[in-house]
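Protein chains in written order, with our numbering: chain A, 3 to 106; chain B, 19 to 667; chain C, 10 to 212.
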């Protein structure tokens, strides 16, 4: 991608990304509201959809991997996701097990 | 909030009255001196609005020394109160306030800025850069830190200090059990300073990754730069957790949410969890740069390259990941499931492995080295055995089952003072003395420095070693007094003697600064110790010019300056200078930070309109910044030639 | 900053100056911090999700239609923001401004609906003080909403600068950075939509 990209060049990448995002949103919505699966099954399915959609935005809309620092930026963001998982899973685990669980 | 005006300024305590009078007199003296010597413009232009990383570094260090004094006084007051059973030096409320502010100040307003100050001054030099990636942001970081610090420190004269411990555990810290402004001060002051720290984290992370001089690959960086890089990475991912935790508690206290409260089905333990999700990485934030400083000093004064550089790098990178996986060891006794305690017990023991690796690296660096026993080296040598004592007791605490015995006793108090003082504080002293000639153009007097060192080391062990036994004997932390029948009298008295020895050593250190400023010979070269290994010593004059390097150095291996000296390349003559681009000074950061401080001060007392007006003010300064397209200026070749000629004389 | 003359004319405009490149990398680093910030909010929300006290549960309050409208507004704004950057790379200043204004209108619509939702809840008696669950709901959503509002203000400022100064390496990097911020807020919303709303309606 350079400045020389000719004017009016059709933004296929963005349109495809947008359509997939809408599809994922609708499918997640349908899964959550119109199925009678167990809530943990639903959660896992729609969480996977969410992660795919997030990755799509990062790569297709935000151009995470481009530029001379693409590797650095991607690495930093992935470390961010690692931290996110640690904080969320760790906190949830600690706050809902052990004595916490009994007090609820 | 029903705050009576006569409660606004704290009255009735002779200790606080004394502090109030001395602060007032001190302020008047400073203002008078600045006016008399017509230094206001100089102060504003050369220092307060400067974006020079070296000047910001010095301002950080001066603030940190001031806070070491304040936090030290708090510590001495604690020890005085505990010297004998039934002392009435501090009442229990005042005692609670003093140990709370002691903790906050020593960690957040002493250790952090001291290390960030050294990092600011040294790291850009070590990577051969002329400034940091975001000089404007650097100034803003300093001012948000400074304003946060100021806000925290006025609490004890206006409104009252926080008194729920430095950890501010809920429900104790909720409105129900801690009414009054003290805890609000804690939340808002740390919030503001924390934002500054986060900006420092981003700034130096990008600086180190993007601004290194030609040839300096990641594996050719100095160890201090490496530890700084990893520290900044930890800051970037740990400080937002603190930001959120503080914001949530602020909402509980100011806006009526029920997150950590006992009402509304809140969960006080969530605060404890979030505090330590940040709190444990924070421990590594204050210890990793210290490891870097010791690595520099040990390798310099042993005249050897750091042993097993790669193992050292691997171990600090491992720590960056593991430091986020151990936080539960701060609250094993909170009632977590056995699985949770076991998991975090194991990760905690695992993190001591990379730390142990480093100890051996330092020992093998010294092995068969020709060691010069300078003062910085003495601090580094003292660090190793003392830190090992702290580390080993840490592994004892890591065992969840055993921790039920040690938890909240003086055993723990002693453990974290052993790691934080012999790690961080020794490193701050060592680093300051080591780089002092780089900052001020002359060394600190070695003889006085050694007196300070020995008195401090002995005092430190006299103070804290007995506390292990007090802890094993069942003395809980944070009690304001005890009885003769408890049997803790003798050890407590010894401990207090040690504390005052440390105080004395600090005074000697300050005397040394003044003495050396008057009498130490001025340095003539950039390499004050004659043994420098990294690029900070490669500048043309003892204090680097504002652009650091007239010509950016090129690097071919580890210890680049040592390499240059061996090849005779350290004296650059007849080089072709080019104009140097430098950033402009910035006045908005100090204005923005002061407005932020004022807004927070209003919120402390529930004067919401001040908070709103302040918020608008902050946005206005941000908008002003957004429209500022000033791109800096060029230093002319003539000016460079003139400066360099002066330096090479 | 000390290498400002280091310009690469073949890269997209926003990457051409050293300052632009540093700012973009710096902003991505900041987004890393934002990930940690929102994770902590999510973690707290999950930890307190079941703690509704005497108040209602999510299921009793959420309205699927409203959530869907908000989601579509923000998702579309993320798309139009991407098109604005696409236009910027085609060096079309007018295109950037038009698509960014569309983005802002969609963003303002999102904020409007969010405010409506909050006011509606308050009228129903659900406030910040109702229960730990609702405290965290308002703070998590409010933090996101505040980010979007700041983004709207910020992009307006940048559009004024763009209109005045045209597309330069400096304005381009600023606009590019604001687009990163905008997309990131959509990424956060995806998780709010999934974990707060959808899961709230499942239970």
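We put the CB at the ideal spot given by N, CA and C, even for glycine.
Small disclaimer: the values here were computed from a predicted structure and weren't measured.
| Query | Result |
| --- | --- |
| Spell out the partners DSSP gives residue 27 (chain B) in its beta bridges. | B:176 |
| Measuring CB atoms only, is the stretch 311-320 of chain B touching the stretch 435-451 of chain B, in the sense that at least three cross pairs come out at less than 8 Å? | yes |
| Taking the beta strand (DSSP E) that residue 66 (chain A) falls in, what are its first and last residues? | Note, residue 66 (chain A): premise wrong, no beta strand (DSSP E); not H, not E. |
| If we ignore side chains and look at the alpha-carbon of each, how far apart do residue 653 (chain B) and residue 158 (chain B) end up? | 24 Å |
| For the alpha helix (DSSP H) containing residue 76 (chain C), list its first residue and its last residue. | 73-98 |
| Around the C-beta of residue 4 (chain A), are 16 or more other C-beta atoms found within 10 angstroms, so that it is buried, or is it exposed? | In this predicted model, residue 4 (chain A) has a pLDDT of only 41, less than 50, meaning its place in the structure is not dependable; the value taken from the coordinates is given anyway. Under this definition residue 4 (chain A) is an exposed residue. |
| Should the stretch 590-606 of chain B be called in touch with the stretch 69-87 of chain B, which here means at least 3 C-beta pairs below 8 Å? | yes |
| For residue 298 (chain B), report the span of its alpha helix (DSSP H) as first-last. | 286-319 |
| With a threshold of 7 Å between beta-carbons, can residue 93 (chain C) be considered close to chain A, or not? | no |
| Can you tell which of C:179, C:128, C:157 and C:133 has its C-alpha closest to the C-alpha of residue 195 (chain C)? | C:157 |
| Which of the three DSSP states, helix, strand or coil, is assigned to residue 389 (chain B)? | coil |
| DSSP state of residue 499 (chain B), grouped into three classes? | coil |
| Looking at residue 214 (chain B): is its Cβ nearer than 7 Å to the Cβ of residue 253 (chain B)? | no |
| Nearest-angstrom Cα distance between residue 526 (chain B) and residue 513 (chain B)? | 20 Å |
| Measure from the C-beta of residue 93 (chain A) to each C-beta in chain B and report whether the shortest distance is under 7 Å. | yes |
| Below 6 Å CB to CB, which residues in the same chain sit around residue 153 (chain B) once its five sequence neighbours on both sides are set aside? | 69 and 601 |
| Hey, could you find the ends of the alpha helix (DSSP H) residue 210 (chain B) is sitting in? | 200-228 |
| Do you know how far the Cα of residue 166 (chain B) is from the Cα of residue 611 (chain B)? | 9 Å |
| With residue 360 (chain B) and residue 418 (chain B) assumed to form a contact (beta carbons below 8 Å), what rounded beta-carbon distance in angstroms separates them? | 7 Å |
| Pick out the complete alpha helix (DSSP H) segments inside the stretch 228-280 of chain B, 4 residues or longer, and give them in chain order. | 241-272 |
| Using a beta-carbon distance below 7 Å, is residue 332 (chain B) in contact with chain A? | no |
| What did DSSP end up calling residue 38 (chain B) once you bin it into helix, strand or coil? | helix |
| Considering Cα atoms alone, identify which of C:126, C:154 and C:92 is closest to residue 14 (chain A). | C:92 |
| Beta carbons nearer than 7 Å to chain B: which residues of the stretch 150-166 of chain C have them? | 166 |
| Count the other CB atoms, across all protein chains shown, that sit within 10 Å of the CB of residue 630 (chain B); report buried if there are 16 or more and exposed otherwise. | exposed |
| Would you tell me roughly how many angstroms separate the C-alpha atoms of residue 170 (chain B) and residue 74 (chain C), rounded to the nearest one? | 47 Å |
| Would you grab the beta carbon distance between residue 140 (chain C) and residue 64 (chain C) for me? Rounded to a whole angstrom, and I think it's under 8 Å. | 4 Å |
| Under the three-state reduction of DSSP, which class applies to residue 564 (chain B): helix, strand or coil? | coil |
| Given residue 202 (chain C), which residues of its chain have a CB within under 6 Å of its CB, disregarding the five upstream and five downstream residues? | 80 |
| Counting only C-beta atoms, is residue 14 (chain C) closer than 7 Å to chain A at any point? | Caution is warranted here: a pLDDT of 48 is assigned to residue 14 (chain C), below 50, making its placement in the model unreliable, and the coordinate value is therefore given only provisionally. No, no contact with chain A. |
| Using a Cβ-Cβ distance cut-off of 7 Å, determine whether residue 69 (chain A) contacts chain C. | yes |
| Is the separation between the beta-carbon of residue 478 (chain B) and that of residue 414 (chain B) shorter than 7 Å? | no |
| How would you label residue 106 (chain A), buried or exposed, when you count the other beta carbons within 10 angstroms and need 16 or more for buried? | Unreliable positioning characterises residue 106 (chain A) in this predicted model, as indicated by a pLDDT of 44, which lies under 50. The coordinate reading is nonetheless provided below. Exposed: under 16 other Cβ atoms inside 10 Å. |
| Distance cutoff 7 Å, beta carbons only. Does residue 353 (chain B) sit that close to anything in chain A? | yes |
| Please decide whether residue 205 (chain C) counts as near chain A, where near means a Cβ-Cβ distance under 7 Å. | no |
| Excluding five sequence neighbours on each side, which residues of the same chain lie with their C-beta closer than 7 Å to the C-beta of residue 11 (chain C)? | For residue 11 (chain C), the predicted model reports a pLDDT of 44, less than 50, meaning its position is unreliable and no value from the coordinates is stated. |
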